[in-house]
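Asker: Last residue of the sequence shown: number 366 in our numbering, and the count goes up by one each step with no gaps.
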Amino acid sequence: MGKVTYIGADGASTTIDVPEGESVMRGAVYNEVEGIVGECGGGLACATCHCYVDEAWAEQLGTPPSKDERELLESASAELRPTSRLSCQIIMAPAFDGLIVHLPASQY
Ligand code: FES
Numbered sequence: 259m260g261k262v263t264y265i266g267a268d269g270a271s272t273t274i275d276v277p278e279g280e281s282v283m284r285g286a287v288y289n290e291v292e293g294i295v296g297e298c299g300g301g302l303a304c305a306t307c308h309c310y311v312d313e314a315w316a317e318q319l320g321t322p323p324s325k326d327e328r329e330l331l332e333s334a335s336a337e338l339r340p341t342s343r344l345s346c347q348i349i350m351a352p353a354f355d356g357l358i359v360h361l362p363a364s365q366y
């Protein structure tokens with residue numbers, strides 16, 4: 259279990275306990291955090307789970323996005339930033355406790 263803080267485009271902040279091995283996308287969807295849709299259920303097919311990893315966490319995440327993730331990010335509706343990730347591809351691990359992600363204004 260680790261805490262993930264989701265910060266919406268309006269500045270609203272929600273902190274959720276996300277179980278180890280679960281994705282940051284599911285943590286949001288299961289707890290009805292607005293701003294992450296996760297339409298494909300984490301199958302790397304929709305890009306509606308786009309988020310911006312907080313600058314302070316960008317390097318701590320370690321693993322960079324895969325080629326498939328990078329390609330799909332290109333179809334995200336919101337602007338891409340260097341810290342853009344698909345939240346379904348960020349899997350909670352103990353080292354990620356306290357992770358902060360920012361959400362785009364819209365996923366469509
Ligand atoms: S939930 Fe569809 S790509 Fe992440």
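No residue lacks a Cβ here, since even glycine has one placed at the ideal position from N, Cα and C.
Since residue 311 and residue 343 are thought to touch, with beta carbons under 8 Å apart, how far apart are those beta carbons, to the nearest angstrom?
Answerer: 5 Å
Asker: Straight-line CA distance for residue 289 to residue 275?
Answerer: 10 Å
Asker: What are the uninterrupted segments assigned as beta strand (DSSP E) that are 3 or more residues long and contained completely in the segment 273 to 305, given in chain order?
Answerer: Whole beta strand (DSSP E) segments, 3+ residues: zero.
Asker: Grab me the residues of residue 326's own chain with a C-beta within less than 8 Å of its C-beta, minus the 5 sequence neighbours each way, in chain order.
Answerer: Apart from the 5 residues on each side of it in sequence, residue 326 sits with its Cβ closer than 8 Å to the Cβ of 302 in its chain, given in chain order.
Asker: Pull up the distance between the alpha-carbon of residue 300 and that of residue 345, whole angstroms please.
Answerer: CA-CA distance, residue 300 to residue 345, rounds to 8 Å.
Asker: Which partner residues does residue 343 have in the DSSP bridge list?
Answerer: 309
Asker: Of all the options 354, 266, 277 and 272, which has the alpha carbon lying nearest to the alpha carbon of residue 318?
Answerer: Selected option, being the one with the closest Cα: 354.
Asker: Whole-angstrom Cβ separation of residue 315 and residue 357, contact assumed at under 8 Å?
Answerer: With 8 Å as the limit, residue 315 and residue 357 qualify as a contact, their Cβ atoms being about 6 Å apart.
Asker: For the alpha helix (DSSP H) that contains residue 330, what are its first and last residues?
Answerer: 325 to 331
Asker: Would you mind reading off the limits of the beta strand (DSSP E) that contains residue 260?
Answerer: 260 to 265
Asker: Could you check where the beta strand (DSSP E) with residue 357 kicks off and where it finishes?
Answerer: 357 to 360
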